[in-house]
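Chains as they are written, first to last, in the UniProt record's numbering: chain X, 1 to 571; chain C, 1 to 696.
Where a beta carbon is used, it is the ideal one built from N, C-alpha and C, also for glycine.
A quick write-up on the structure given underneath.
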């Protein structure tokens with residue numbers, strides 16, 4: 001570890017924090033329907049869309065209506081994407097004459113993009129037509145991100161409103177988020193990326209002759225526009241196979257820095273939107289502080305572990321940090337930071353191979369996802385995931401002040417607890433249940449490339465990444481098989497919608513409640529005490545469940561490595 | 001501390017509780033408690049497996065036998081906690097039940113006193129019964145005729161008889177209480193089986209205990225956590241098979257049972273029963289557990305001034321004559337007017353006149369005086385002597401009486417001598433004095449003799465000692481106090497300031513009270529109040545916590561959700577404390593239970609996987625002797641911690657009237673951090689004992 005490394009980390013945190021208030025202010029105005037600086041330009045477009053779709057923007061929905069609209073929207077999006085992938089051979093814009101995508105892969109890919117996971121079992125340039133890329137994937141990049149934010153806003157309204165029947169309009173939230181937040185930022189962002197040397201072209205691939213005289217085809221394309229939303233919307237599906245490790249997808253140190261910041265930007269700012277909408281910004285800062293504590297602990301472990309390197313290699317006299325699978329351009333700290341950020345948020349973009357991290361370095365990304373990606377998290381998803389934990393934490397400890405638990409003046413009762421537990425249950429079910437299935441079935445056992453605990457980690461990571469809607473891969477696992485395609489797709493769908501629906505139900509139930517005014521007897525939820533409590537509950541309720549699986553994967557790998565033991569392939 | 005504990009575990013209670021622990025193993029009873037039901041299912045399954053191994057000859061039988069045994073102990077300890085909590089109420093219930101047996105009733109058959117003797121249990125709502133001196137009142141009812149002194153010791157434990165009479169606020173009688181003198185006619189208001197005593201028995205025995213909303217929510221959380229741990233444990237065999245090994249079922253069971261929140265699951269119902277029991281011991285009956293929880297949540301307390309904030313009686317503290325009248329003369333007249341006045345205020349005037357001016361009591365008969373009692377119309381009382389009359393009473397009433405000469409003397413010379421201008425000056429002076437007194441929180445009592453205003457007696461409300469500190473405590477707890485009084489706003493403001501309440505409602509009518517409660521509730525606040533009269537019934541019903549006084553009317557008792565057998569309105573403050581204590585105990589033990597899991601993981605996981613990966617020994621941070629002793633120690637700790645926490649569950653977490661922030665900090669430190677650390681030490685200690693005894 002070097003001072004330079006910590007300065008980079010500190011700088012990253014400072015920039016993210018500096019963005020929280022302005023972005024929070026702006027998004028609050030967008031979602032409360034107030035006038036924004038962009039309204040004169042975008043307002044007419046927005047109203048035109050509503051007119052075209054026959055939507056009355058003042059008509060709000062109950063939580064159920066909101067949820068059904070969301071499900072219908074994604075159901076159709078899923079079908080459209082699946083159809084495009086299956087029929088791409090007969091559809092236009094297929095100059096490379098790609099054949100139709102296999103059913104299991106199409107199912108997996110459609111689930112992956114609809115759920116904001118962007119897990120890639122396909123090879124983009126070798127599998128997909130331009131139409132599939134543009135109509136299929138890119139538009140879902142925007143919409144799945146906008147959906148996440150819309151749902152978080154609906155849940156915030158649940159806390160902010162009192163004695164209300166509705167939680168907002170899904171159509172309006174989705175449209176506003178896309179038009180006012182995602183598109184404008186992406187335009188500027190993409191231009192910045194182009195300035196850093198990222199390709200943005202519709203022309204064909206470039207053929208070059210190497211020094212050895214061999215012919216090399218250099219893939220280019222509309223990269224910058226896709227990378228912008230990939231990062232900002234915590235999608236993570238790369239233009240190139242190597243994702244953000246590819247020089248064209250991440251050309252400079254500055255582009256790397258900005259990309260990491262953009263993963264966190266909206267998620268962190270949403271905590272401020274939360275604070276503003278419930279009328280007390282400190283509440284938002286407390287949530288962000290909780291995320292910050294968990295995040296910094298993760299960075300510290302991963303960075304320290306990567307910086308000290310492999311103990312087996314150290315034992316052989318090869319001292320120094322672990323550089324396997326890392327871009328020399330970025331080095332250890334930028335790779336470690338990227339890995340922690342991309343798994344803390346539900347991004348899944350990678351600038352280094354997580355499979356090659358040290359055991360403990362790879363442990364943190366796993367834990368980040370297993371906690372439900374609530375450390376800033378996917379845009380929107382992180383906040384509503386965190387609020388689910390808040391409900392549980394308040395319920396467990398809130399009684400200790402001698403009142404029935406309440407948060408922001410809303411009583412936390414049986415219904416909220418039931419829904420919160422449902423949301424929490426589905427993650428261990430898919431992550432541990434899926435891993436248990438894959439570790440006993442021959443089809444599952446055929447997947448991992450490594451033997452021993454590391455192979456176990458590869459399976460666990462894949463199932464975890466899918467259920468958490470992250471999309472990053474540990475690598476090493478051959479996932480493009482009917483078994484993994486189906487299991488992972490199921491994981492993604494359950495991990496997304498079985499959290500969303502209970503979260504929406506909580507929103508509806510909270511919105512209907514009266515607000516209890518705060519007094520000296522009210523559980524204070526804006527201070528360090530609450531942050532400590534929340535961290536504790538997240539680690540014990542969310543994290544301990546995975547202790548056995550982690551013990552058999554990265555932990556034992558680390559301990560064995562420390563003792564100089566390795567596990568032979570096939571052994 | 002130790003003395004209290006020993007009383008919790010007294011032999012008389014422990015014996016029946018032990019028997020109860022086994023009886024409660026019945027799965028039909030167990031299913032009410034999801035966590036412990038799961039433990040029972042798991043225990044039964046492992047017992048079957050153990051029996052099979054015993055017959056077929058498995059390995060490690062001594063070890064698995066012990067685990068099975070401790071699983072059953074876990075269940076028995078949980079049942080014991082509940083049985084013990086119930087047992088504490090049983091003794092009280094038994095004495096109540098005795099009053100019910102062999103009761104007969106004299107049911108009136110028509111007009112007059114004709115009655116037939118029927119068993120008390122055959123009475124229906126609406127029947128009218130005659131209760132004579134020495135009879136037990138057969139069921140709950142309302143006095144419709146007569147007045148009697150009644151011994152209510154059976155339910156209140158207070159042996160001094162109380163008066164029950166038809167009409168007014170003291171018309172409710174309770175089945176099982178005894179009429180000592182006179183006779184009354186009672187209309188029955190509760191059928192057999194649903195009387196006050198019946199409900200009380202059911203309550204203290206815990207039979208009628210329904211889960212409260214918060215308990216239901218907590219059970220959902222615990223059930224949810226249990227399912228999470230099902231996933232965590234049920235997936236382990238697959239993981240182990242990947243690592244090329246297998247884990248014995250008994251070890252998986254041990255991990256599962258130690259992880260699920262058995263501690264709070266075992267003690268949850270005991271906490272609820274004990275909370276109810278604390279109220280009963282306090283002579284307060286809650287009609288539902290919901291009311292006790294609501295008491296903890298109360299934001300606003302409506303307190304009647306009289307009896308709660310001030311001593312019941314106002315006392316004369318000063319005589320303030322008008323110009324031209326000496327204090328001595330005023331005192332003399334006031335004393336004369338009060339000699340036959342048996343009200344506390346009247347007596348205090350006589351006492352003050354004697355103490356301050358040495359005016360001795362005079363013999364009324366010797367003076368040939370007749371006492372004129374206070375009526376609601378005249379709002380005055382006084383005395384008529386030969387050729388002279390003295391009146392004292394409400395300032396307005398007395399002024400009105402002197403400016404309008406008595407009917408008898410109208411047209412006489414006295415009336416002609418009436419001097420309006422001079423009187424107006426005196427009236428102004430009287431009013432000024434009265435206002436001064438009212439501003440200071442006192443009640444002015446004007447005194448007039450033969451149509452001449454003499455001055456004002458200063459009656460002072462005496463604020464109860466220590467009440468100011470109590471209100472300060474409540475404020476720190478975040479509870480607002482509102483004083484309800486019939487006094488005028490000026491007087492009310494002065495007393496409110498002296499007593500330190502946050503707000504007051506002066507000249508309050510029942511409608512005002514109801515409106516105030518609704519207003520507070522519209523702001524989302526929970527309101528508690530107490531009341532006794534029929535006119536309090538709507539407000540009692542509207543309040544979230546309505547404590548009816550036992551002396552009150554049937555209507556009030558039905559409207560409230562608690563009844564205070566001692567009829568002491570100050571208790572509202574304690575009731576809030578008991579409610580808070582109940583919720584805190586529940587929260588503290590839940591936090592403790594969940595925090596315990598950290599240490600249990602560190603005990604069992606390395607032990608469990610040691611054969612697969614010996615490297616995991618590094619996770620054995622407690623340095624437990626062997627895998628078997630580690631697992632055994634964890635399950636023993638898991639069972640024993642239930643017993644260790646029974647006293648806390650029954651007594652409740654100590655409640656301190658401090659703000660929520662410091663309360664939370666303290667409790668999080670004790671039960672959260674303590675819950676993480678304690679099991680590390682305890683499991684290590686048990687492991688050492690287990691190893692020393694060669695149990696594993």
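Discussion item. Here's the rule I'm using: 16 or more other beta-carbon atoms within 10 Å means buried, otherwise exposed. How should residue 439 of chain C be labelled?
Written reply: exposed
Worksheet item: Tell me the DSSP bridge mates of residue 105 of chain C?
Response: C:118
Discussion item. Is there a C-beta anywhere in chain A that falls below 9 Å from the one on residue 591 of chain C?
Written reply: Reference to chain A is not applicable here, since the protein chains of this structure are X and C.
Worksheet item: Going by beta carbon distance, what residues of the same chain come within less than 6 Å of residue 586 of chain C, once the five residues before and after it are set aside?
Response: 271
Fill in: Beta-carbon neighbours of residue 299 of chain C, restricted to chain X and to distances below 8 Å
516, 517, 519, 521
Discussion item. Taking CB distances under 9 Å as the criterion, tell me whether residue 35 of chain X reaches chain C.
Written reply: no
Worksheet item: Who pairs with residue 388 of chain C in a beta bridge, going by DSSP?
Response: C:385
Practice prompt. Find the residues of chain C that neighbour residue 559 of chain X, judging by a C-beta separation of less than 7 Å, and give them in chain order.
Written response: 615, 616, 618
Worksheet item: Alpha carbon to alpha carbon, how far is residue 117 of chain X from residue 94 of chain X?
Response: 25 Å
Worksheet item: Where does residue 404 of chain X land, buried or exposed, given buried means 16+ other C-beta within 10 angstroms?
Response: buried
Practice prompt. Quick one: grab the DSSP three-state call for residue 286 of chain C.
Written response: strand
Practice prompt. Look at residue 348 of chain X and residue 435 of chain X and say whether their C-beta atoms are less than 9 Å apart.
Written response: no
Fill in: Contact set between residue 413 of chain X and chain C, taken where Cβ atoms lie within less than 7 Å
213, 217
Item to complete: Quick one: list the residues of chain C neighbouring residue 424 of chain X, beta-carbon separation under 8 Å, in chain order.
Response: 224, 228
Worksheet item: Are any of the Cβ atoms in chain X nearer than 9 Å to that of residue 503 of chain C?
Response: no
Worksheet item: Can you tell me whether DSSP reads residue 572 of chain X as helix, strand or coil?
Response: Chain X is shown only over 1 to 571; residue 572 of chain X falls outside these bounds and no answer can be derived.
Worksheet item: What residues match up with residue 459 of chain C in a beta bridge as DSSP calls it?
Response: C:316, C:443
Worksheet entry | Min CB distance residue 544 of chain C to chain X below 9 Å | no
Worksheet item: Which chain X residues are close to residue 652 of chain C, counting only those with a beta carbon under 9 Å from its beta carbon?
Response: None at all; the shortest Cβ gap to chain X is about 10 Å.
Practice prompt. Quick one: list the residues of chain X neighbouring residue 477 of chain C, beta-carbon separation under 9 Å, in chain order.
Written response: 402, 519, 520, 521
Worksheet item: Comparing the C-beta of residue 512 of chain X with each C-beta of chain C, is any distance below 9 Å?
Response: no
Worksheet item: Which residues in the same chain as residue 281 of chain X place their Cβ atom closer than 6 Å to its Cβ, once the five residues preceding and following it in sequence are excluded?
Response: 275
Worksheet item: Under 9 Å between the Cβ atoms of residue 428 of chain X and residue 78 of chain C?
Response: no
Worksheet entry | Contacting positions in the stretch 442 to 473 of chain X - beta carbon closer than 7 Å to chain C | 456
Item to complete: Check whether the Cβ atoms of residue 125 of chain C and residue 183 of chain C sit closer than 9 Å, and answer yes or no.
Response: no
Practice prompt. For the stretch 233 to 252 of chain C, enumerate the residues whose C-beta is nearer than 7 Å to any C-beta of chain X, in chain order.
Written response: 235, 236, 238, 239, 241, 242, 243
Item to complete: Tell me, please, whether the CB atom of residue 88 of chain X is closer than 9 Å to any CB atom in chain C?
Response: no
Worksheet item: Just the Cα atoms here: how many angstroms apart are residue 295 of chain C and residue 398 of chain X?
Response: 16 Å
Worksheet item: Shorter than 9 Å from the beta carbon of residue 667 of chain C to some beta carbon of chain X?
Response: yes
Practice prompt. Between the Cα of residue 176 of chain X and those of X:26, X:433, X:486, spot the shortest distance and give me the residue it belongs to.
Written response: X:26
Item to complete: Closer than 6 Å by C-beta to residue 412 of chain C: which residues in its own chain qualify, once you throw out the five before and the five after it? Chain order, please.
Response: Reliability of the predicted coordinates at residue 412 of chain C is poor, the pLDDT of 44 falling under 50, and the value obtained from them is presented with this limitation in mind. Here the set comprises nothing.
Practice prompt. Could you tell me the distance, in whole angstroms, from the CA atom of residue 157 of chain X to the CA atom of residue 555 of chain X?
Written response: 41 Å
Worksheet item: residue 278 of chain X to residue 379 of chain C, Cα distance in whole Å?
Response: 55 Å
Fill in: For residue 310 of chain C: DSSP bridge partner residues
C:306, C:463
Worksheet entry | Backbone CA spacing between residue 416 of chain C and residue 329 of chain C [nearest angstrom] | Confidence in residue 416 of chain C is poor, its pLDDT being 44 and thus under 50, which makes the residue's placement unreliable; the coordinate value appears in the next sentence. Approximately 26 Å between the Cα atoms of the pair.
Practice prompt. Pull up the distance between the alpha-carbon of residue 372 of chain X and that of residue 260 of chain X, whole angstroms please.
Written response: 20 Å
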